[in-house]
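The structure under discussion appears below in the form of C-alpha cells.
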Amino acid sequence: MRKIATLDSAFVVRIATFHFCMEVRSMLVEDFAREVSGGSFGDLRLNKRSRMLAEALAKKPNMSIPAALGGKADIAGCYRFFNNEKVSPDQILQPHVEATYQRINAVD
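Taking our numbering, I'd label the letters of the sequence shown as residues 8 to 115.
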C-alpha cells in the first residue's frame, strides 16, 4: 500500500494566499485599466489603444514600455498613441480624476 502524502497546513495556507493575491491583483489591474481607458479621444482606434496600453502597463508596472509590451508593433503603436495630437496627459488622466472624485464623494 502506498502512503498518501499529506500536505503541511502552512503550505496549503501559503498556496491559498498566493492564489487569493493573484486574483486580487488581477481585479485591480482590470479595474485600473477600465478606469484609465474610459477616456474618449474621438477615435475608436485611439480608445482601443488606450485600453490595451492601460492593461499591459498595469500588469507590468515596474517594466519599461518596450519590456511591458514586448512586440515591435505594440511598442510602435504605443509611441504613436502618445505622439498623437488628439492625446494629451490631461485626457489620459481625466477618467481617473473623475473616478477619484466619485470615490471621495461616496465617503462623505
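Glycine included, C-beta positions come from ideal geometry on N, C-alpha and C.
A quick note: this is a predicted structure, and the numbers were derived from the prediction, not measured.
Buried versus exposed, by CB contacts within 10 Å (16 or more), residue i
i: Val114; result: exposed
i: Ala74; result: exposed
i: Gly46; result: buried
i: Leu116; result: With the chain covering only 8 through 115, there is no way to say anything about residue 116.
Chain-order list of residues whose beta-carbon lies under 7 Å from that of residue i (same chain, five-residue window excluded)
i: Arg110; result: none
i: Ile72; result: Ile82, Cys85
Reduced DSSP secondary structure (H/G/I, E/B, other) of residue i
i: Val36; result: helix
i: Phe88; result: helix
i: Asp93; result: The sequence given here has Lys at residue 93, not Asp. The answer is coil: DSSP assigns Lys93 none of H, G, I, E or B.
i: Met59; result: helix
i: Pro102; result: helix
i: Lys67; result: coil
Neighbourhood of residue i by C-beta distance below 8 Å, restricted to the same chain and skipping five residues each side
i: Phe48; result: Asn54, Ser57, Asn91, Lys93, Val94, Gln98
Length of the line joining the Cα atoms of residue i and residue j
i: Tyr86; j: Asn112; result: 35 Å
i: Ala83; j: Arg41; result: 22 Å
i: Glu62; j: Gly77; result: 13 Å
i: Lys79; j: Tyr108; result: 37 Å
i: Asp50; j: Leu100; result: 17 Å
i: Ala106; j: Pro96; result: 16 Å
i: Asn69; j: Val104; result: 22 Å
Cutoff 6 Å; reference residue i; Cβ partners in own chain excluding five residues on either side
i: Phe39; result: Ala65
i: Val36; result: Ala65, Lys66
i: Arg52; result: none
Contact test: residue i Cβ vs the ligand ADP heavy atom, cutoff 7 Å
i: Leu76; result: Ligands in the displayed structure: none, and consequently the ligand ADP is not present.
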